[in-house]
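Here the structure is laid out as structure tokens; the discussion comes afterwards.
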Amino acid sequence: MLAHNIYKNSQEILLEADDLIISKTDTRGHITYANRTFLRIADYQEEEVLNKPHNLIRHPDMPRGVFRFLWQELRKGHEFFGFVKNYTSGGDYYWVFANITPDFDASGHLKGYFSVRRRPSRAAIDTLIPIYNTMLEIESRANSQSAADHSLAYLVQLLESKSVSYDRFVMTLQAM
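Sequential numbering of the sequence shown, starting at 1, is according to full-length UniProt numbering.
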């Protein structure tokens, strides 16, 4: 059973067009800053999120393969754009279009990550849900160590079959 069936009573929180969710993390992904919009939408107090892993808000409907790709890109020093379903403290959920960038100090050393999230297009989410569901199904059939790799391989193969890069794919979806 996919995670979205377990949480069927949760409600979607819709971001406003001008909502910008901003957070910073250290190099391990622990939250060092969360703006008021983050706290309001995720329904947390600041002291509940500071120094906690950012995956505190990771919804179970999110394929691990997406996060595998995200971390691969960030470790290369690249920024990441993508669609993420997050969890509120009360069990509701919200979708975001995320832009995550490495944050370097003046000497060029990585000091953490900076993330800005905004409202995604509904068409993008409707397009991604079946893809994410397939990725989750692939992960459920694989062992825990290889699950993320298998679902990421599916996503890569899907994009190759469409002759489109990941970045072009997500940017096209957001423009829908």
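All C-beta atoms in this analysis are idealised placements derived from N, C-alpha and C, irrespective of residue type, glycine included.
| Item | Value |
| --- | --- |
| Just mark Phe104 as buried or exposed, buried being the case when its beta carbon has 16 or more other beta carbons within 10 Å. | exposed |
| Please report how far the alpha carbon of Tyr94 lies from the alpha carbon of Lys85, in whole angstroms. | 6 Å |
| Assign Gly50 to one of three DSSP states: helix, strand, or coil. | Here residue 50 is Leu; the residue named in the question, Gly, does not match the sequence. In the structure shown, Leu50 sits in coil (DSSP, three-state: anything other than H, G, I, E or B). |
| So, are the CB atoms of Phe97 and Pro120 less than 7 Å apart? | yes |
| Extract the residue ranges of the alpha helix (DSSP H) inside the stretch 69-129, only unbroken runs of 4 or more that lie entirely within it. | none |
| Work out the CA separation of Arg68 and Ala34 for me, nearest whole Å. | 23 Å |
| Taking Asp43 as the reference, give the member of Ser146, Leu159, Arg117, Gly91 with the closest Cα. | Gly91 |
| His59 by DSSP, collapsed to three states: which one? | coil |
| Within the same chain, show all residues whose beta-carbon is closer than 7 Å to that of Lys52, passing over the 5 residues directly before and after it, in chain order. | His30, Ile31 |
| With distances taken between CB atoms, is the gap from Pro102 to Tyr87 smaller than 7 Å? | no |
| Determine the closest residue to Phe126 out of Gly108, Met176, Val164, with distance taken between C-alpha atoms. | The residue you asked about is not Phe; residue 126 is Asp in the sequence shown. Looking at the Cα atoms, Met176 is the closest of the given residues. |
| Beta carbon of Gly65, beta carbon of Leu159: below 7 Å? | no |
| Would you kindly work out how many angstroms separate the C-alpha atoms of Leu128 and Leu136, rounded to a whole number? | 12 Å |
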